[in-house]
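Take 1 as the starting number for the sequence shown in my numbering and just add one per residue. This report concerns only the one structure given below.
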Amino acid sequence: MSAGFIARTTMVALTLTAGLFATPVAADHPNALWRVVHGLCLRDSRFTGTPAPCLSVDRRSGYAVVPDLQRPTQVLLVPTRRIKGIESPEILRPGAVNYWQAAWDARRWVERRAGRAVSRDRIGLAINSISSRSQNQLHIHVDCLTPEVRRELTGHQREIGRMWTTLRVGLAGRRYRARRLDGAELGERNPFLLLARGDAQARAHMGRETLVVAGATFADGSPGFFLLANGQDHAFGESLLDHRCAVLREP
């Protein structure tokens, strides 16, 4: 396989990737993300040692980090095996890869693209439901939280405990169920499993769910996360993220 061929196909992938995520319902190329990761990033990392057009590929754990070329700070965490989305049963199987911890680790790429450090309480991870996604390959959006979401979560954190409960305040016009997790890292705590085990309705209809993990620093200064889920009113989890990162301009 010639270097010229790799260069040409990489340019095609970059062009394709740039047009993937313009709107939540875009469906021109529903398998484009899979083709980029499986057909280009994995191949190029094998033949050249560089996972272009991805930012990184972890073959052992099975995921890649893809830049969104239309949005200056967003990256996507994508499994390197075929998994359609939040409805896929393999994400709930024992021993399943915790893609959320990998997505949390991928925030370093958001920081690199932003050109500055980003505090944990300004970072969010989101996966959309079947009805609000553009791609038929599981992917977790990693970017800044909107300033409004950050303020609401900080201001209402006393309402959020260690069990799922519906927030009294709306987020991006929708009512989310929320729970708290303590600790600087997710580790083996998989939000997919925490949602499915904590809510029988969600487990029965995972495809309807949108799931968001927001980094948090609690009132006592300890680190943690807020988990947010909605499967009832067509919520779009990515709407809790701000691809302009306005939150970085706040004190």
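For glycine and all other residues, C-beta sits at the position ideal for the given N, C-alpha and C.
Item to complete: For the segment 130-179, list the beta strand (DSSP E) runs that are entirely contained and at least 3 residues long, ordered along the chain.
Response: 140-145
Worksheet item: To the nearest angstrom, how far is it from the Cα of Leu33 to the Cα of Arg151?
Response: Against the sequence shown, residue 33 aligns to sequence position 33. Against the sequence shown, residue 151 aligns to sequence position 151. Roughly 33 Å between the two C-alpha positions.
Worksheet item: From Ser239 to Pro94, what distance separates their C-alpha atoms?
Response: Counting from 1 along the sequence shown, the entry for residue 239 is found at position 239. Counting from 1 along the sequence shown, the entry for residue 94 is found at position 94. Ser239 and Pro94: Cα-Cα distance of roughly 31 Å.
Discussion item. Taking a contact to mean a Cβ-Cβ separation below 8 Å, would you say Asp58 touches Val110 in this structure?
Written reply: Counting from one through the sequence shown, the residue named residue 58 turns up at place 58. Counting from one through the sequence shown, the residue named residue 110 turns up at place 110. Their beta carbons are not under 8 Å apart, which means Asp58 does not touch Val110 by this criterion.
Practice prompt. Kindly indicate which residue of Leu40, Val213, Asp121 has the alpha-carbon position closest to the one of His141.
Written response: By one-based count along the sequence shown, residue 141 stands at place 141. Per the Cα distances, Val213.
Discussion item. According to DSSP, simplified to helix, strand and coil, what is Val75?
Written reply: The sequence position of residue 75 within the sequence shown is 75, counting from 1. Note: Val75 maps to strand in three-state DSSP.
Item to complete: Under 8 Å by Cβ, that's how I've got Leu186 and Phe225 pegged, so tell me the actual separation to the nearest angstrom.
Response: Counting from one through the sequence shown, the residue named residue 186 turns up at place 186. Counting from one through the sequence shown, the residue named residue 225 turns up at place 225. Confirmed, about 7 Å.
Discussion item. Rounded to whole angstroms, what is the Cα-Cα separation between Trp164 and Thr48?
Written reply: Within the sequence shown, numbered from 1, the residue matching residue 164 stands at position 164. Within the sequence shown, numbered from 1, the residue matching residue 48 stands at position 48. Each residue's Cα considered, the two are about 46 Å apart.
Fill in: Closest Cα partner of Met206 within the set Gly155, Glu90, Val149
Taking the first residue of the sequence shown as position 1, residue 206 is located at position 206. Ranking Gly155, Glu90, Val149 by Cα distance to Met206 puts Glu90 first.
Fill in: Inter-residue spacing [alpha-carbon to alpha-carbon] between Ser56 and Ala64
Along the sequence shown, one-based indexing puts residue 56 at 56. Along the sequence shown, one-based indexing puts residue 64 at 64. Going from the Cα of Ser56 to the Cα of Ala64 covers about 6 Å.
Item to complete: On the DSSP bridge assignment, give the partners of Tyr63 in chain order.
Response: Working through the sequence shown from its first residue, we reach residue 63 at position 63. In DSSP, Tyr63 forms a bridge with Asp58, Pro79.
Item to complete: Spatial neighbours of Ser131 within its chain, please: CB distance less than 7 Å, with the 5 preceding and 5 following residues excluded, ordered by chain position.
Response: Residue numbering aside, residue 131 sits at position 131 when the sequence shown is read from its first letter. Cβ neighbours of Ser131 beyond the five flanking positions: His234.
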